[in-house]
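Note that the protein sequences, when read in sequence, are chains A and B.
Final position of the first sequence in the working numbering is 372; the numbers increase by one with none missing.
Final position of the second sequence in the working numbering is 1199; the numbers increase by one with none missing.
One structure is given below, encoded as C-alpha cells.
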Amino acid sequence: MNNGIDLEYSFNEILKSIGVSQQIAHIIWMPLPMLLVLISAVIGVLVTVWLERKISAAAQQRIGPEYAGALGVLQPIADGLKLLVKEDIIPAKADSLLFTAGPILVLVPVILSWLIVPFGQNLMISNVGIGIFLWIALSSIQPIGLLMSGYASNNKYSLLGGLRAAAQSISYEIPLALSVLAIVMMTNSLSTVDIVNQQNTAGIFSWNVWRQPIGFVIFWICALAECERLPFDLPEAEEELVAGYQTEYAGMKFALFYLGSYINLILSALLVSVLYLGGWGFPIPVETFSAFLKIPLTSPTIQVITATVGIVMTILKAYFLVFIAILLRWTTPRVRIDQLLDLGWKFLLPISLANLLLTAGLKLALPKFFGG
Amino acid sequence: MSIALTTQLICFSVLALIIVIGSLGVILLENIVYSAFLLGGVFMSVAGLYLLLNASFVAAAQVLVYVGAVNVLILFAIMLVNKKESLKPKEYLNSRKLISTLICITLLSLLVRVDLSKVWNIANPESSIGEEATVRIGEHLFSDYLLPFEVASVLLLMAMIGAIVLARRDVMSEDISTGLPVKQELIEKSNEQILIEKN
Chain A
1 MNNGIDLEYS
11 FNEILKSIGV
21 SQQIAHIIWM
31 PLPMLLVLIS
41 AVIGVLVTVW
51 LERKISAAAQ
61 QRIGPEYAGA
71 LGVLQPIADG
81 LKLLVKEDII
91 PAKADSLLFT
101 AGPILVLVPV
111 ILSWLIVPFG
121 QNLMISNVGI
131 GIFLWIALSS
141 IQPIGLLMSG
151 YASNNKYSLL
161 GGLRAAAQSI
171 SYEIPLALSV
181 LAIVMMTNSL
191 STVDIVNQQN
201 TAGIFSWNVW
211 RQPIGFVIFW
221 ICALAECERL
231 PFDLPEAEEE
241 LVAGYQTEYA
251 GMKFALFYLG
261 SYINLILSAL
271 LVSVLYLGGW
281 GFPIPVETFS
291 AFLKIPLTSP
301 TIQVITATVG
311 IVMTILKAYF
321 LVFIAILLRW
331 TTPRVRIDQL
341 LDLGWKFLLP
351 ISLANLLLTA
361 GLKLALPKFF
371 GG
Chain B
1001 MSIALTTQLI
1011 CFSVLALIIV
1021 IGSLGVILLE
1031 NIVYSAFLLG
1041 GVFMSVAGLY
1051 LLLNASFVAA
1061 AQVLVYVGAV
1071 NVLILFAIML
1081 VNKKESLKPK
1091 EYLNSRKLIS
1101 TLICITLLSL
1111 LVRVDLSKVW
1121 NIANPESSIG
1131 EEATVRIGEH
1141 LFSDYLLPFE
1151 VASVLLLMAM
1161 IGAIVLARRD
1171 VMSEDISTGL
1181 PVKQELIEKS
1191 NEQILIEKN
C-alpha cells in the first residue's frame, strides 16, 4: 500500500538531524497540525458564512453583500469584528457562571471532533483507532452546553430552546449512529482512514454512496438535524422562541454559538464526504493515472500531486454538501416539533435498523462488494 | 522520568482531583442543577481516566452513554419539573448524621484495607492491546459474555415497556397495582395568572 507523504516523519527527521531528541521533536510537532486544522476550520466558517449570504440572496433574488471586498468576500470578517467589539452582556438575573460555560461547552466538542477528519493518508491530526465513534461520543456532549445556556439565561424562550435542542439531538443521534454502524460493518474498522481506503479501490464506483444509499440519506438528514439547520432548526425557531437558547447572548459569547454551528456544519459535510463520497479520493483512482503516464507511485511529483488532489477533493466534496445544506435552508419550511420527533423515532430509526440488517445480509451474501 | 510519564502523572492528578471535588460538589451543593452539571464533569473525568488506561473505546462509550444520554436525561427531567418544594425537617437529624458517618468511615476503612492487600494482578503496560481492545470487547460480548449481554438487553426492554405503560395511562382503564379505575383526563396544573391585573 502506498503510504503517501508523512509530514510528521520528515519533520522529526529534520529536527533529529540538527540534534534535537525524539521526545522534544514530538512535542514541537504536536501543536502544529492542531493549529493548522483550527485555522482551516475558522477559514472554512468564513467561507461558509459568505456562501450562506450569497446563496440566500440568490434564492431570494437579491444581490447580497457587495461592498466589503470584491463580491462581498470580506463581509464575514466584518461580521466577526463587529461581534468581537460588541459589549458582552450578562443579564442581571442570569446565572453568570453557567451562562459563560454554556457556549464553551458547545464549541469545544465540535472542534475536538476535527481530530478524526482525514485530508489524506497521513494528513490528519491523529489516526485514532476508535475514529468515527469518537465523533459520535463527542457530539453527544453538545446538548449539555445547550441545556446549560438555556437554563442559565433565566428566560423561558431560552429554556424551551435548550430543551428542544437536547430532545432533538438525542432523537437523531440514534439513527445517525446506526447508519454509521452499517459503514463500519462493511469496513471492519472504526478508523476514518480505513473507511476512505476501502472506498478508493475503483474510483467513483467504489464510493459508499452506491453501497449505502439509504444510509447516506439517513445520515444526511440526521446530520442536518444535529446541526440545527433549517428544516430542523426548531431550537432557535425565531417566530416562536425569539432565538431559542441564544436569545440572551451578545458579543463574543453569541459568536461562539455562531462559530460552533458553522464549524459543526462543515464537520458534518466533511464526514459525509469521508463516509459516503470517498473522502480524499479522486473519481478516477490515482493508480490508474500513474500507470497511464508510466510514473511510479513513489516518485516525489506524484506524491505531492496526490496529496494536493486529496485535500482539494475533500474540501470540494464537503463544500458541495454545504451548498446543498444552504440551499435547503433557504428553500424549505420548518417542520413542527411533533413532525420532527415522528420523523426521528417512527421513520428514521426503523429504516436505519432495517438498513443495518440489509447491510449485514449483503455482506454475508456478496462479500466481494460489501467488504468481507 | 520521561516526558510521557510526567504528562500522565499530571493528567492523572488533575482528573483525580476533579473527580473527588466534583463528586463532593454533587452531594453537597444546594442547587440541584449545579449538582447535575457537576455529575457530567465527573463522568467526563472518569472517561479521561479510562483514556489514561489505554481503554479508548471504553472512554468513548462512557462519554456517549453517561454524559450524552444519562446526564442529559437527568438535566432534562430537572428542568422540565423545576418545582420548588420546601422539605420537611427530618427528626433525629443528629443521630442520623452520626450513624451514617460511622457507616461511611467503616466502609472507607474496609476499602483502604482491600486496596492495601496486594492481591492485585497489575497488567504489564508493555502487553496492553490498546486499539485492538475494541475487537476484543466485541469477541467477548458475542462469546463468553453473550448471556449477560442478552439479559441486559431484555432488562432494558422491560424498563422501556414499563416507562411506556406508566406514561400512557390513557390506554389502561384500571390501575395495575390497585385495580381501581384510572382517571382518564389529563393531569393539569391550575392556571396561574402571569400578569397582575391592573386595577
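Where is the CB? At the ideal position from N, CA and C, for every residue including glycine.
Spatially closest choice to A/Thr308 from A/Val286, A/Phe320, A/Ala291, A/Lys294, by CA coordinates: Ranking A/Val286, A/Phe320, A/Ala291, A/Lys294 by Cα distance to A/Thr308 puts A/Val286 first.
Span of the alpha helix (DSSP H), counted from its first residue to its last, around B/Glu1139: If you look at B/Glu1139, you'll find it in the alpha helix (DSSP H) that goes 1133–1141.
Residue of B/Ser1143, B/Gly1048, B/Asn1121 minimising C-alpha distance to B/Leu1017: Taking only the C-alpha atoms, the option nearest B/Leu1017 is B/Gly1048.
Within 8 Å, strictly: CB atoms of A/Ser140 and B/Val1067: yes
Listed by chain order, chain B residues near A/Gly129 by CB distance under 9 Å: Ser1056, Phe1057, Gly1130, Glu1131, Glu1132, Ala1133, Thr1134
Contact check, B/Phe1076 vs A/Leu138, beta carbons under 8 Å: With respect to the 8 Å criterion, B/Phe1076 and A/Leu138 are not classified as neighbours on the basis of their beta carbons.
Closer than 8 Å to chain A by CB, B/Leu1075: Cβ-Cβ to chain A under 8 Å: yes for B/Leu1075.
A/Arg229 burial status per 10 Å Cβ neighbour count (16 or more: buried): A/Arg229 counts as buried, since at least 16 other C-beta atoms from the protein chains shown sit within 10 angstroms of its C-beta.
Touching by the beta-carbon criterion (3+ pairs, under 8 Å), the stretch 337–349 of chain A and the stretch 174–184 of chain A: yes
Beta-carbon gap between A/Leu51 and A/Ile324 smaller than 8 Å: no
Endpoints, the alpha helix (DSSP H) within which B/Lys1097 is located: 1093–1115
Short CB-CB distance (under 8 Å) between B/Ile1204 and chain A: Given that chain B is displayed from residue 1001 to residue 1199, the structure contains no residue 1204 of chain B and the question cannot be resolved.
A/Ala255 Cβ short of 7 Å to the ligand ADP heavy atom set: The ligand ADP is not part of the structure shown, which contains no ligands of any sort.
At least three beta-carbon pairs within less than 8 Å, the stretch 1056–1067 of chain B to the stretch 140–152 of chain A: Taking a cut-off of 8 Å on C-beta distances, the stretch 1056–1067 of chain B touches the stretch 140–152 of chain A, as three or more cross pairs fall below it.
C-beta neighbour in chain B for A/Ala94, strict 8 Å: no
Counted within 10 angstroms of its Cβ, other Cβ atoms place B/Ser1086 as buried (16 or more) or exposed: exposed
Inter-stretch contact (C-beta, 8 Å, three-pair minimum) for the stretch 77–92 of chain A and the stretch 249–256 of chain A: yes
Option in A/Phe257, A/Gly281, A/Met185 with minimal Cα separation from A/Thr201: A/Gly281
Partners in chain B for A/Met148, counting only beta-carbon separations shorter than 7 Å: Phe1037
Where B/Val1114 falls, given that 16 or more other Cβ within 10 Å makes a residue buried: exposed
Any C-beta of chain A under 8 Å from that of B/Ile1018: no
Where B/Val1033 meets chain A, residues with beta-carbon distance less than 7 Å: Residues of chain A passing the Cβ test: Tyr151.
Test item: CB-CB of A/Val184 and A/Gln121 under 8 Å: no
Alpha helix (DSSP H) segment containing A/Asp6, residue limits: Counting along the chain, A/Asp6 falls outside any alpha helix (DSSP H), and DSSP gives it neither H nor E.
Presumed contact (8 Å Cβ cut-off) between A/Ser374 and A/Ser179, rounded CB distance: Because chain A spans 1 through 372 in this model, residue 374 of chain A falls outside it and cannot be assessed.
Alpha helix (DSSP H) runs wholly inside the stretch 61–134 of chain A, at least 4 long, in chain order: 75–85, 96–112
Within chain A, partners of B/Leu1064 - CB distance below 7 Å: Ile136, Ala137, Ser140
B/Ser1013 versus B/Asn1094: straight-line alpha-carbon distance, rounded: 35 Å
Nonlocal neighbours in the same chain, by C-beta distance under 6 Å from A/Gly64, ignoring five residues either side: So the qualifying residues of the chain are Arg53, Lys54, Ala57.
Three-way DSSP call (helix, strand, coil) for A/Asp338 in this model: helix
B/Val1165: contacting residues in chain A (beta-carbon distance under 9 Å): Going along chain A, no residue has its Cβ under 9 Å from B/Val1165, so there is no contact; the nearest lies around 18 Å.
N- and C-terminal bounds of the alpha helix (DSSP H) containing A/Ile311: Run containing A/Ile311: 300–331, per the alpha helix (DSSP H) assignment.
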